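A.B. asks:
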Amino acid sequence: MKKIVVGNWKMNPSSLKEAENLFEKIVKLMPRLKNTEVVVCPPVLFIEELEEISKKIKIGAQNVSSEKEGSYTGEVSAKMLKNMRVKHVIVGHSERRKIGETDIDVNRKIKATLSSSLVPVLCIGEEVRDEDNKYFDFIKTQLRDSLENISKSDITKIIVAYEPVWAIGTGASAATATEFFEMGIFIKKVLSDKFGLKVVSKIRIIYGGSVDEKNAEEFIKIGKADGFLIGRASLNAEKFSKIIKTCEVSNR
Ligand code: PGA
372 MKKIVVGNWK MNPSSLKEAE NLFEKIVKLM PRLKNTEVVV CPPVLFIEEL EEISKKIKIG
432 AQNVSSEKEG SYTGEVSAKM LKNMRVKHVI VGHSERRKIG ETDIDVNRKI KATLSSSLVP
492 VLCIGEEVRD EDNKYFDFIK TQLRDSLENI SKSDITKIIV AYEPVWAIGT GASAATATEF
552 FEMGIFIKKV LSDKFGLKVV SKIRIIYGGS VDEKNAEEFI KIGKADGFLI GRASLNAEKF
612 SKIIKTCEVS NR
């Protein structure tokens, strides 16, 4: 299975020119890839221009509407993204959950994404770790509710991104590779209980939260990550391309 590196640019940069410069720089620094897929999720209004620059990187979206079409001011539908040749959609990022997105919303967005043949990158992650290990129950509920009524054939198309909220953003520090390894096993167990053991080996489970060019290798080697979801480091072409290289080399 190929590794996957997904860059989430969030609400950056503030002009198309800067977005094009950053994208071009990443393309230039990227190694030749055989074993790794790279996806960049820019703000939606830059998507079409960036697609013109290179085919080496797939373009994704950071969010999608759960509705098909109609009177939903400010929303972007899965079909619109599909028509813009988008392949991947981040669904349920903690920054969206923070402004009210529930597991029910996430579930509807996953269904909308799949019905337009797009690949959902489902984000899950606890806000805090408690001593009684209740965060495992939290993750189990998030996974189960977000994936309610998804078919066995569709589940293999999904990528699960484990992003503990406490490890995301400025001032936070990443989980350890061992913490991710443990959580990866737990996620696989929850998925296999719900969908059967067979399908689980086809689902990529990636890590996100303060990933950089220094810690990426141990997440792959010790954590057995199938790839990464990257915020800040995806806005730095040097760092981002180093992480891509780490994935590519580790898969040989
Ligand atoms: P970070 O963000 O890499 O800046 O911690 C990760 C994310 O929000 O997906």
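With this note's numbering as the guide, the letters of the sequence shown map in order to residues 372 to 623. Beta carbons: idealized from backbone N, C-alpha and C, even for Gly. Keep in mind it's a predicted model, so treat the numbers as computed, not measured.
1) Distance, Cα to Cα, residue 578 vs residue 532?
2) Figure out for me which residue from 547, 393 and 600 has the closest Cα to the Cα of residue 493.
3) Counting Cβ pairs, one atom from each stretch, are 3 or more of them under 8 Å apart for the stretch 563-578 and the stretch 496-503?
4) Apart from the five residues just before and just after residue 527, which ones in its own chain have a Cβ nearer than 7 Å to its Cβ?
5) Based on Cα-Cα distance, which residue from 403, 510, 438 and 535 lies nearest to residue 561?
6) Judging by CA-CA distance, which residue of 475, 479 and 557 is the nearest neighbour of residue 507?
7) DSSP three-state label for residue 430, please.
8) Measuring CA to CA, which of 445, 456 and 449 is closest to residue 430?
9) Could you tell me whether the stretch 515-524 touches the stretch 473-492, where touching means 3 or more Cβ pairs closer than 8 Å?
10) Between the stretch 408-419 and the stretch 374-388, do three or more beta carbon pairs fall short of 8 Å?
11) Per DSSP, which residues does residue 408 bridge with? Please list them.
12) What does DSSP give as the partner residue(s) for residue 417 in the beta ladder?
13) Measuring only the C-alpha atoms, how far is residue 596 from residue 452?
14) Relative to the ligand PGA, is the shortest distance from any of its heavy atoms to the C-beta of residue 514 smaller than 7 Å?
15) Which full runs of the alpha helix (DSSP H) of 4+ residues lie inside the stretch 469-544, going along the chain?
16) How close, in whole Å, do the beta carbons of residue 436 and residue 448 come, if the pair is a contact with beta carbons under 8 Å?
17) Are residue 536 and residue 491 close, meaning C-beta to C-beta below 8 Å?
18) Measuring straight from C-alpha to C-alpha, what distance separates residue 598 and residue 433?
19) What do you reckon, are the CB atoms on residue 612 and residue 401 nearer than 8 Å?
20) Give the single residue among 541, 450 and 548 whose Cα lies nearest to the Cα of residue 602.
21) At a cut-off of 7 Å, would you count residue 478 as near the ligand PGA, judging by its Cβ distance to the nearest heavy atom?
22) Going by CA-CA distance only, name the one from 468, 389, 618 and 588 that's closest to residue 547.
C.D. replies: This is what the structure gives:
1) 6 Å
2) 600
3) no
4) 570, 573 and 574
5) 510
6) 557
7) strand
8) 456
9) yes
10) yes
11) 375
12) According to DSSP, residue 417 bridges with nothing at all.
13) 28 Å
14) no
15) 474-486, 506-517 and 523-526
16) 5 Å
17) no
18) 17 Å
19) yes
20) 541
21) no
22) 588
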